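Worksheet for the structure shown next.
2 protein chains.
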Amino acid sequence: MNTAMKELKKVGRELTLLMNTAALLGWDQETLIPEKAIPERAEQLALMEGISHAKLTDPKVGDLLDKLGADEKSSSGNENLSDEDRAYIRVFYRNYHRASCLPSDLVEEMARASSLGQSVWVQARKENDFGKFAPALEKILGLNREAGRLINVGDHPYDSFLDEYEPGMRKAELDVTFGALKEDLKSLVKRIKDAGQVEMGFLKRDYPEELQEKFGNYILKELAYPLDRGRLDVSTHPFTTTLGNHDVRITTRYGEPNPFSSLFSIIHEAGHGLYELGFSDEIAGNILAEGTSLGLHESQSRTWENMIGRSLPFWEKYYPEAQKTYGNALSDISLETFYKGINAVKPSLIRVDADEVTYSLHVILRYELETALFEGTLSVNDLPAAWNAKMEELLGIRPDSDANGVLQDVHWSVGLLGYFPTYALGNLYGAQFMDKAYKDVPDLDDQVRKGNHAVLLEWLRENIHKHGSAFTASELCVNVTGKPLDASYFTQYLNKKYGEVYGL
Amino acid sequence: MNTAMKELKKVGRELTLLMNTAALLGWDQETLIPEKAIPERAEQLALMEGISHAKLTDPKVGDLLDKLGADEKSSSGNENLSDEDRAYIRVFYRNYHRASCLPSDLVEEMARASSLGQSVWVQARKENDFGKFAPALEKILGLNREAGRLINVGDHPYDSFLDEYEPGMRKAELDVTFGALKEDLKSLVKRIKDAGQVEMGFLKRDYPEELQEKFGNYILKELAYPLDRGRLDVSTHPFTTTLGNHDVRITTRYGEPNPFSSLFSIIHEAGHGLYELGFSDEIAGNILAEGTSLGLHESQSRTWENMIGRSLPFWEKYYPEAQKTYGNALSDISLETFYKGINAVKPSLIRVDADEVTYSLHVILRYELETALFEGTLSVNDLPAAWNAKMEELLGIRPDSDANGVLQDVHWSVGLLGYFPTYALGNLYGAQFMDKAYKDVPDLDDQVRKGNHAVLLEWLRENIHKHGSAFTASELCVNVTGKPLDASYFTQYLNKKYGEVYGL
Numbered sequence: 054m055n056t057a058m059k060e061l062k063k064v065g066r067e068l069t070l071l072m073n074t075a076a077l078l079g080w081d082q083e084t085l086i087p088e089k090a091i092p093e094r095a096e097q098l099a100l101m102e103g104i105s106h107a108k109l110t111d112p113k114v115g116d117l118l119d120k121l122g123a124d125e126k127s128s129s130g131n132e133n134l135s136d137e138d139r140a141y142i143r144v145f146y147r148n149y150h151r152a153s154c155l156p157s158d159l160v161e162e163m164a165r166a167s168s169l170g171q172s173v174w175v176q177a178r179k180e181n182d183f184g185k186f187a188p189a190l191e192k193i194l195g196l197n198r199e200a201g202r203l204i205n206v207g208d209h210p211y212d213s214f215l216d217e218y219e220p221g222m223r224k225a226e227l228d229v230t231f232g233a234l235k236e237d238l239k240s241l242v243k244r245i246k247d248a249g250q251v252e253m254g255f256l257k258r259d260y261p262e263e264l265q266e267k268f269g270n271y272i273l274k275e276l277a278y279p280l281d282r283g284r285l286d287v288s289t290h291p292f293t294t295t296l297g298n299h300d301v302r303i304t305t306r307y308g309e310p311n312p313f314s315s316l317f318s319i320i321h322e323a324g325h326g327l328y329e330l331g332f333s334d335e336i337a338g339n340i341l342a343e344g345t346s347l348g349l350h351e352s353q354s355r356t357w358e359n360m361i362g363r364s365l366p367f368w369e370k371y372y373p374e375a376q377k378t379y380g381n382a383l384s385d386i387s388l389e390t391f392y393k394g395i396n397a398v399k400p401s402l403i404r405v406d407a408d409e410v411t412y413s414l415h416v417i418l419r420y421e422l423e424t425a426l427f428e429g430t431l432s433v434n435d436l437p438a439a440w441n442a443k444m445e446e447l448l449g450i451r452p453d454s455d456a457n458g459v460l461q462d463v464h465w466s467v468g469l470l471g472y473f474p475t476y477a478l479g480n481l482y483g484a485q486f487m488d489k490a491y492k493d494v495p496d497l498d499d500q501v502r503k504g505n506h507a508v509l510l511e512w513l514r515e516n517i518h519k520h521g522s523a524f525t526a527s528e529l530c531v532n533v534t535g536k537p538l539d540a541s542y543f544t545q546y547l548n549k550k551y552g553e554v555y556g557l
Numbered sequence: 054m055n056t057a058m059k060e061l062k063k064v065g066r067e068l069t070l071l072m073n074t075a076a077l078l079g080w081d082q083e084t085l086i087p088e089k090a091i092p093e094r095a096e097q098l099a100l101m102e103g104i105s106h107a108k109l110t111d112p113k114v115g116d117l118l119d120k121l122g123a124d125e126k127s128s129s130g131n132e133n134l135s136d137e138d139r140a141y142i143r144v145f146y147r148n149y150h151r152a153s154c155l156p157s158d159l160v161e162e163m164a165r166a167s168s169l170g171q172s173v174w175v176q177a178r179k180e181n182d183f184g185k186f187a188p189a190l191e192k193i194l195g196l197n198r199e200a201g202r203l204i205n206v207g208d209h210p211y212d213s214f215l216d217e218y219e220p221g222m223r224k225a226e227l228d229v230t231f232g233a234l235k236e237d238l239k240s241l242v243k244r245i246k247d248a249g250q251v252e253m254g255f256l257k258r259d260y261p262e263e264l265q266e267k268f269g270n271y272i273l274k275e276l277a278y279p280l281d282r283g284r285l286d287v288s289t290h291p292f293t294t295t296l297g298n299h300d301v302r303i304t305t306r307y308g309e310p311n312p313f314s315s316l317f318s319i320i321h322e323a324g325h326g327l328y329e330l331g332f333s334d335e336i337a338g339n340i341l342a343e344g345t346s347l348g349l350h351e352s353q354s355r356t357w358e359n360m361i362g363r364s365l366p367f368w369e370k371y372y373p374e375a376q377k378t379y380g381n382a383l384s385d386i387s388l389e390t391f392y393k394g395i396n397a398v399k400p401s402l403i404r405v406d407a408d409e410v411t412y413s414l415h416v417i418l419r420y421e422l423e424t425a426l427f428e429g430t431l432s433v434n435d436l437p438a439a440w441n442a443k444m445e446e447l448l449g450i451r452p453d454s455d456a457n458g459v460l461q462d463v464h465w466s467v468g469l470l471g472y473f474p475t476y477a478l479g480n481l482y483g484a485q486f487m488d489k490a491y492k493d494v495p496d497l498d499d500q501v502r503k504g505n506h507a508v509l510l511e512w513l514r515e516n517i518h519k520h521g522s523a524f525t526a527s528e529l530c531v532n533v534t535g536k537p538l539d540a541s542y543f544t545q546y547l548n549k550k551y552g553e554v555y556g557l
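Chains as they are written, first to last, in our numbering: chain A, 54 to 557; chain B, 54 to 557.
This is the structure:
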């Protein structure tokens with residue numbers, strides 16, 4: 054191997070090990086840490102962050118990347134490198150550029166603004182007072198505009214942020230994709246509303262937490278989540294975290310109002326986890342062994358959660374076990390009633406509680422508002438009114454308060470701009486990939502009906518997981534499905550599924 | 054504060070945070086890690102080790118220590134420093150000197166020899182073939198002799214190693230202390246043997262693991278172990294580890310042949326943990342917030358385990374609860390029979406299974422043999438015969454095999470020389486401190502009888518814990534008890550307790 058490449062990979066390996074170590078600090082903090090140890094844990098995490106940053110932005114790394122002819126086009130000029138090495142350099146360069154292009158005083162000011170922003174947001178939400186949060190948001194937007202100019206990716210200043218979570222994605226493309234999606238979803242939501250609601254009363258019955266835990270663990274094993282390469286634990290918010298090639302841990306929470314949300318969280322996080330556990334041996338433990346974008350990551354979790362875990366074939370297999378587990382709560386509920394109930398669609402104010410159909414509309418709302426804020430075509434002071442008007446336009450309901458409207462999400466308060474779109478992109482990628490999976494495996498529903506989930510997992514591994522970040526999400530999409538991202542796969546899937554559920 | 058002092062403390066703080074982080078990696082590996090993640094965990098630990106070593110041996114640190122007038126005598130020449138700062142510099146200098154005085158090729162060779170030594174030892178023990186292990190041990194001894202010369206602490210080459218675990222302790226002092234202890238213990242063991250054995254049959258009854266767990270957790274709470282600053286988990290070998298000022302975790306194991314060993318492990322590790330949780334706020338989180346020596350650490354665990362946890366007043370309080378927990382297994386056993394049974398003395402081949410009386414003889418045997426090996430007055434090839442002869446001399450029994458004799462412990466195979474003595478020193482320090490505690494708190498037994506363990510804990514905190522490493526164990530011993538270490542406190546304690554148990 055090329056000496057510079059070898060040296061770069063040594064640094065990259067250390068960065069991965071540091072990231073894994075920080076992930077353990079974070080995982081432990083969310084699951085097991087003794088209460089009084091939490092403040093000091095922040096110091097431990099900050100030190101890991103500092104060591105990683107110093108290692109990544111070491112001038113030696115810049116020299117190595119120069120030697121390897123790195124640029125955003127993945128060392129295309131360097132003929133001596135393998136495709137994998139080029140991909141490695143592309144990802145490394147991206148990380149290096151993002152970490153080193155901002156002056157440290159700007160980075161510190163952004164960190165302060167985020168930290169302050171979050172605490173002000175908590176207070177503003179509690180007091181239902183957007184005015185309290187507005188100056189902090191104004192400040193964050195200003196700093197991010199400056200940072201965006203320096204990061205300087207894409208044609209639109211918003212692209213610098215979008216690209217952080219969704220490498221290669223641009224605002225111009227999203228405008229088109231989300232524009233089409235929005236109209237289709239609005240129309241479907243309206244037809245569902247006109248059809249009348251399905252039976253959901255059985256979800257209010259008693260489903261003891263220990264039975265939820267038992268059933269959740271049963272389903273996790275059925276999905277063949279490898280418990281010698283991961284764990285399932287409990288935390289306040291469900292998440293997935295990677296502590297090593299063979300150590301991907303997921304969490305869930307019990308005791309939600311909806312008794313099946315613990316289960317769907319397990320399936321959702323297992324989807325993320327199976328992606329992280331599916332990288333090929335060639336890239337395992339190096340910098341390419343990461344999900345290629347947040348949108349693609351979310352496609353894996355949502356495919357398992359919604360397209361499999363909330364499908365009729367899945368419950369044809371597992372509903373008898375659910376009835377056995379929960380006894381009286383489900384004994385008089387038919388499979389069909391159960392299936393429809395767990396897929397009920399109902400416009401609601403809060404994104405994280407939204408169903409599969411309305412969820413993407415919550416995301417599009419945020420996307421349209423944050424791009425307008427970023428461009429300056431919407432002022433911060435006009436944001437609450439714009440939010441409420443858009444809720445009415447997209448979902449036909451109006452927030453009763455800013456706390457249940459514009460103040461509901463933490464993201465903007467900590468400077469996460471360009472992040473929201475990835476939630477909806479997950480749905481779109483998922484549907485487009487699954488369309489191809491059904492073409493490649495025509496009896497996939499039968500396999501799900503038999504609990505033979507290895508068939509889909511194998512397909513996902515071979516087509517998506519094994520590559521890690523070697524291809525961008527757009528590249529993968531074209532390579533696997535033959536077409537660029539197209540929202541119509543998702544709307545076709547929804548129209549078919551919810552046409553049946555609501556008899557449209 | 055002095056600028057150099059401030060800079061040194063910044064480095065020290067980072068070293069502590071790195072040590073805590075490595076401790077989490079280690080704790081997780083022993084308790085929860087998914088099986089297949091273990092090999093990569095070693096890489097993560099090695100990276101933490103490497104980063105810490107580079108930080109500690111940075112020439113900048115040497116300059117700071119020079120500026121502060123550091124030497125083994127704790128900057129005695131520098132009049133501008135507080136006592137605490139002098140202690141800080143003394144400990145920092147010690148760590149710095151040990152980390153930087155050995156050339157890196159010797160360090161690497163020692164690491165290789167230890168790694169090889171351990172795997173050869175595993176094989177040799179399995180095959181009961183000391184000859185297989187002998188060359189590896191010879192190599193390790195040679196490298197350690199060289200390292201000892203370079204570390205260059207004390208008058209005897211063995212002192213360089215002893216001092217690593219027991220700062221300030223010297224072979225000359227140990228020879229005297231252990232010499233006296235040996236004769237007293239031999240005599241006591243003989244008298245016990247002549248007295249005939251106590252009733253122990255009830256220990257073979259059924260004590261289900263879930264009840265052991267329940268009772269163990271109950272006792273841990275009774276000892277006021279703060280579970281908002283620590284945890285109790287399960288691992289193959291019980292241990293205590295410090296992950297932060299407010300995060301000290303202990304472990305135990307269930308399912309031993311002796312049904313009470315899980316409990317005594319909990320009490321033992323809680324003793325270590327309470328020490329680590331008792332440092333004063335002034336030193337918390339800095340380099341002085343560590344046990345001052347392994348011997349002193351062991352004194353804390355053994356005091357709680359043996360002098361409290363195996364005492365009659367303790368069981369006067371808790372035996373009714375034990376009877377309630379275990380039902381039939383203890384219903385016909387009197388408190389007195391129980392108390393005597395859990396304190397039974399019986400010479401045995403294996404150190405880790407030894408009782409309170411014979412344990413120190415196992416340690417003295419290893420001490421005498423390893424110093425002789427180190428000096429060259431005993432050759433490696435003669436070691437098994439010397440071991441067996443000494444077992445006969447000290448304990449009156451002869452190993453049936455090398456696997457149950459000279460090959461039983463891992464320590465020598467990984468180059469841990471000078472470590473064994475600390476196990477016995479723990480007993481000695483413990484007894485000498487407790488003699489003073491009983492003088493200061495004459496009704497201590499009554500307090501134990503009432504389950505009021507805060508009284509002893511408070512005494513230990515005030516006299517020992519709060520100081521961390523600000524004083525050496527010898528200094529603490531003189532400061533608290535008014536006298537240097539004296540083995541007769543321990544033998545007096547044993548003579549009294551076992552005189553009663555065995556009616557001598």
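Every residue gets a Cβ at the ideal spot worked out from N, C-alpha and C, and that includes glycine.
None of the values given here were measured: they were computed from a predicted structure.
- Where B/Leu285 is concerned, the enclosing beta strand (DSSP E) starts and stops at 283-287.
- Residues of the segment 281-307 of chain B with a C-beta atom less than 9 Å from some C-beta of chain A are Asp281, Arg282, Gly283, Arg284, Asp286, Leu296, Gly297, Asn298, His299, Asp300, Val301, Arg302, listed in chain order.
- Contact with chain B is found for A/Asn73, since one of that chain's Cβ atoms lies less than 8 Å from the residue's Cβ.
- For the C-beta of A/Gln97, the chain B residues within less than 9 Å are, from N- to C-terminus, Leu70, Leu71, Asn73, Thr74, Leu77, Leu296, Gly297.
- Looking at the DSSP output, A/Gly297 sits in a beta bridge with A/Asp300.
- According to the DSSP secondary-structure assignment, A/Thr305 is paired through a beta bridge with A/Val287.
- DSSP places B/Arg198 within a helical segment (H, G or I) once states are collapsed to three.
- As summarised for the segment 198-286 of chain B, the continuous alpha helix (DSSP H) elements at least 4 residues long and confined to that stretch are 212-218, 224-248, 262-275, given in chain order.
- With a beta-carbon spacing of about 4 Å, A/Leu349 and A/Ala526 fall inside the 8 Å limit used to define contacts.
- The continuous alpha helix (DSSP H) containing A/Gly79 extends over residues 56-84.
- Scanning chain B for C-beta atoms nearer than 8 Å to the C-beta of A/Gly338 yields Glu93, reported in chain order.
- Residues of chain A with a Cβ closer than 7 Å to the Cβ of B/Glu88 are, in chain order, Asp281.
- Taking a beta-carbon distance threshold of 8 Å, A/Glu67 counts as an interface residue toward chain B.
- With respect to A/Glu102, B/Leu70 sits apart: the two C-beta atoms are not nearer than 8 Å.
- Shown here for A/Val398: same chain residues with a beta carbon closer than 6 Å to its own, the five before and five after excluded, namely Ile245, Asp408, Val410 in chain order.
- Distance between A/Tyr555 and A/Tyr546, taken at the CA atoms: about 14 Å.
- Below the 9 Å Cβ cutoff, chain A contributes no neighbours of B/Leu330, its closest Cβ being approximately 10 Å away.
- For A/Leu77, the CB contacts under 6 Å within the same chain, skipping 5 residues up- and downstream, are Leu296 in chain order.
- By the Cβ test, the segment 189-196 of chain A is in contact with the segment 157-173 of chain A, since at least three Cβ pairs between them sit closer than 8 Å.
- Of all alpha-carbon atoms in A/Asn480, A/Glu252, A/Ala375, A/Val433, the one lying nearest the alpha-carbon of A/Glu358 is that of A/Asn480.
- With respect to chain B, the C-beta atom of A/Ile517 has no partner C-beta closer than 8 Å.
- Using a 10 angstroms sphere on the CB of B/Arg178, the tally of other CB atoms reaches 16 or more, which defines it as buried.
- For a Cβ distance threshold of 8 Å, residue set Glu67, Leu70, Leu71, Thr74 of chain B lies close to A/Leu100, ordered along the chain.
- Within 10 angstroms of the beta-carbon of B/His299 lie 16 or more other beta-carbons, which makes it buried.
- Put simply, the CB of B/Asp493 is far from chain A, with every gap to its CB atoms at 8 Å or more.
- With respect to chain B, the C-beta atom of A/Ile104 has a partner C-beta closer than 8 Å.
- If you check the CB distance, B/Ser315 and B/Gly269 come in under 8 Å.
- Nearest neighbour of A/Val459 by Cα position, chosen from A/Leu402, A/Gly468, A/Lys377, A/Phe292, turns out to be A/Leu402.
- The C-beta of B/Ala477 has 16 or more other C-beta atoms within 10 Å across all chains shown, which makes the residue buried.
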